[in-house]
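Number of protein chains: 2
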Amino acid sequence: MTTPTANHPQEPIRVVIVDDHPVVRSGMHTLLAASPCIEVVGESSNGDEVLTMVENTSPDVVLTDLRLGPGGDGVDVTKAVRGAHPDVAVLIITTFDHDADIVRAVEAGAAGYLLKDALPDEIVAAIRAAAQGETVLSAEQSQRVIDTLRVGGRPPSERELDVLRLVADGRSNDEIAKALFISRATVKTHLGHLFDKLDVDSRTGAVATARRLGLID
Amino acid sequence: MTTPTANHPQEPIRVVIVDDHPVVRSGMHTLLAASPCIEVVGESSNGDEVLTMVENTSPDVVLTDLRLGPGGDGVDVTKAVRGAHPDVAVLIITTFDHDADIVRAVEAGAAGYLLKDALPDEIVAAIRAAAQGETVLSAEQSQRVIDTLRVGGRPPSERELDVLRLVADGRSNDEIAKALFISRATVKTHLGHLFDKLDVDSRTGAVATARRLGLID
DNA sequence: CCGAGCATCAACCTTTCGGCCGATAGGCCC
DNA sequence: GGGCCTATCGGCCGAAAGGTTGATGCTCGG
């Protein structure tokens, strides 16, 4: 439903592409170039130069990978762009639909996100929707966001995640205690709280659930 | 062994691209088209039609994603192509360098593999090397293959992996026993053998190591 | 100021896990 | 046939993990 009440072929949607993979950048560029209603006005391989590029090219939509190399991810790009230019829509591209950062990106003002294996038509449709200020989230994707937000009601604390990451690495409580300079008792307390928040009852279960929600890895 | 004693710019390397992501396919095509020494003679979104395409287009190199959609992965493509046309080199593209299937692909006759975030020059260089019958494995990549082969000396049995997958899912030994219709004791035996093979001493450690080696997930 | 949440620790108890000792049975290879 | 590996099972035991209760000090917001 692109509500084509006012088509402006003479005013294509201006798009900036941000992705650290040359292959993806090139492919996205080629695919979008095939759409007359879209004009790619910039490409960036990292998040640092995006703001400058936005100011130089005045895009309608910034299409950014969620995972970039060093120097910021898609969430940072979203915050920076939306903070300085609230009229520019940000669309997230990601390889996985199980990534907790997607929630952070949406909270930071992203219009939605796309999977990298999306069909060209879907990508174009999403860009058009985003350019019109609409939000783009598929049913399955929305469900995941809701799932994560459910846990978001009781998000594990940073310290608890420290413990969880070491658990996921296969360390014992004793090793974790030494690594974090705390006592075994504290490790157990953190783990107990994690079990409550993640609704599990074992360390392996906590790792599995946290990984599913994208809290670790 | 195409004995490249003579360079033939008038005979570009014929390449077939196999990837289930339209974006990647398009990007790879565009990048390779920029190289005069390479000609893309075919594109496929899945592994099923590759053999027909190879027979129709007679490529020198098949560039295939490791993970394709339903209907076979890069390993299957490698086996099929190398089995029917041993003179056609197969190059694997993958997103992650920690994927046990890479080893299987190399064993199946792949000339090597590339990461999706490789630079265009690296990709072209790898294709040229593969077309000349060379093997393409970076130092880091080779190390991983060796690491995995080290475990390959004592590969976990299929049944042990069944147990391991459930452990990674957070199940207890009791739950695993019920799920696999075996007794707790057997689950413990399998796990003990896994600990030996993976050189760990806990279930979480086994999951961490197996994940690192690409044995699960 | 006081409650809520967090991080830290301790003692106690139950359950699970992991290590070690066995055993039986089937398949495969030399 | 005799190893070798795998899959299956049992019991025993110490160690680790998990559950419960309770405590202290900190920060933050109403």
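Here the protein sequences come in this chain order: A and B. In this text, residue positions in the first sequence follow the UniProt record's numbering: the first is 1, and each later residue adds one. In this text, residue positions in the second sequence follow the UniProt record's numbering: the first is 1, and each later residue adds one. Glycine included, C-beta positions come from ideal geometry on N, C-alpha and C. None of these values were measured; they are calculated from a predicted model.
CB contact check: residue i to chain A, cutoff 8 Å
i, result
"B:T64", "no"
"B:G205", "yes"
"B:G73", "The question names Gly, yet the displayed sequence has Asp at residue 73 of chain B. So no, B:D73 is outside the interface."
"B:V167", "yes"
"B:S26", "yes"
"B:L119", "yes"
"B:G170", "yes"
"B:V106", "no"
"B:S35", "no"
"B:I216", "no"
"B:D199", "no"
"B:S202", "yes"
Straight-line Cα distance separating residue j from residue i
i, j, result
"B:I38", "B:A206", "44 Å"
"A:A105", "A:I92", "8 Å"
"B:I216", "B:A210", "6 Å"
"A:V88", "A:V103", "19 Å"
"B:V62", "A:K188", "52 Å"
"A:L161", "A:L119", "36 Å"
"A:T95", "A:G112", "14 Å"
"A:A179", "A:G69", "28 Å"
"A:T186", "A:D174", "10 Å"
"A:G192", "A:R203", "9 Å"
"B:T57", "A:I13", "38 Å"
"A:V40", "A:L198", "42 Å"
"A:I127", "B:F181", "50 Å"
"B:I176", "B:E122", "45 Å"
"B:E49", "B:G42", "11 Å"
"A:S172", "B:P155", "25 Å"
"B:E11", "A:E11", "43 Å"
Residue-level contact to chain B via CB, residue i, 8 Å cutoff
i, result
"A:K116", "yes"
"A:A208", "yes"
"A:T30", "yes"
"A:T95", "yes"
"A:V81", "no"
"A:H21", "yes"
"A:H8", "Note on A:H8: pLDDT 49, under 50, position unreliable in the model; the coordinate value appears next. With 8 Å as the cut-off, A:H8 does not count as an interface residue toward chain B."
Cβ separation of residue i and residue j, assumed to be a contact under 8 Å, to the nearest whole Å
i, j, result
"A:A208", "B:D169", "5 Å"
"B:H85", "B:V136", "Actually they do not touch by this definition, with Cβ atoms about 19 Å apart."
"B:L164", "B:L194", "6 Å"
"B:V124", "B:A110", "Contact doesn't hold; Cβ gap of about 18 Å is too wide."
"A:D73", "A:R67", "6 Å"
Exposure of residue i, with buried meaning 16 or more beta-carbon neighbours within 10 Å
i, result
"A:S26", "buried"
"A:G153", "The predicted position of A:G153 is uncertain, since its pLDDT is 46 and thus under 50; a value taken from the coordinates is nonetheless stated next. The residue in question, A:G153, is exposed, as its Cβ has fewer than 16 Cβ neighbours within 10 Å."
"A:P22", "buried"
"B:L114", "buried"
"B:S183", "exposed"
"B:A130", "buried"
"A:A33", "exposed"
"A:D196", "exposed"
"A:S44", "buried"
"B:T64", "buried"
"B:G133", "exposed"
Beta-carbon proximity list for residue i, same chain, < 7 Å, skipping 5 on both sides
i, result
"B:R159", "H190"
"A:S35", "V124"
6 Å Cβ shell around residue i - same chain, five flanking residues per side excluded
i, result
"A:M28", "I17"
"A:D76", "G47"
"A:A108", "V75, T78 and K79"
"A:L31", "P120"
"B:D60", "I13, R14 and A131"
"B:D19", "R25 and D65"
"B:S157", "none"
Same chain, Cβ closer than 8 Å to residue i, five either side skipped, listed in chain order
i, result
"A:R116", "With the sequence shown as reference, residue 116 of chain A is identified as Lys, and Arg is not the correct amino acid for it. Here the set comprises V24, I93, T94 and T95."
"A:L51", "A80, V81 and A84"
"A:V167", "I176, L191, R203, A206 and V207"
Residue i beta carbon near the ligand FAD (any heavy atom closer than 7 Å)
i, result
"A:M28", "Inclusion of the ligand FAD in the displayed structure is not the case, the ligand content being empty and no account of it being possible."
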